[in-house]
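For reference, the structure is listed below as structure tokens.
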Amino acid sequence: MIDDYAYIQSIFRAFHQKHSHIQIDLFILENRCTDDEKQWLALKNHVLYVWLEICGFTIN
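In this note's numbering, the protein residues as written are 961 to 1020.
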């Protein structure tokens, strides 16, 4: 699965180099398909946030 992140990172970087005026917003679905809000924090995928931070993407 980490190779997927590396592949996606290179695509975003290449796109940004050609089209630096375009902002790309990524949406990370954290609730993992449950309406039970008490479970959301435990189901949060921290790996995605670490990957975004390491790649230098801005996290809002």
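Ideal Cβ placement from N, Cα and C applies to all residues, glycine included.
Query raised in the report: Among residues of its own chain, excluding the 5 on either side of Ile-984, which ones have a beta-carbon nearer than 7 Å to its beta-carbon?
Result: To locate residue 984, count along the sequence shown from 1; it is residue 24. Hits under 7 Å: Phe-972.
Query raised in the report: Where do the N-terminal and C-terminal ends of the alpha helix (DSSP H) with His-1006 fall, by residue?
Result: For the purposes of this step, residue 1006 is taken as the residue at position 46 of the sequence shown. Taken as a continuous stretch (DSSP letters only), the alpha helix (DSSP H) holding His-1006 covers 1006-1015.
Query - Same chain, Cβ closer than 7 Å to Ile-965, five either side skipped, listed in chain order - result: Numbered from 1 along the sequence shown, position 5 holds the residue referred to as residue 965. According to the sequence displayed, residue 965 carries Tyr and not Ile. Within the same chain, Tyr-965 has close Cβ partners Trp-1011.
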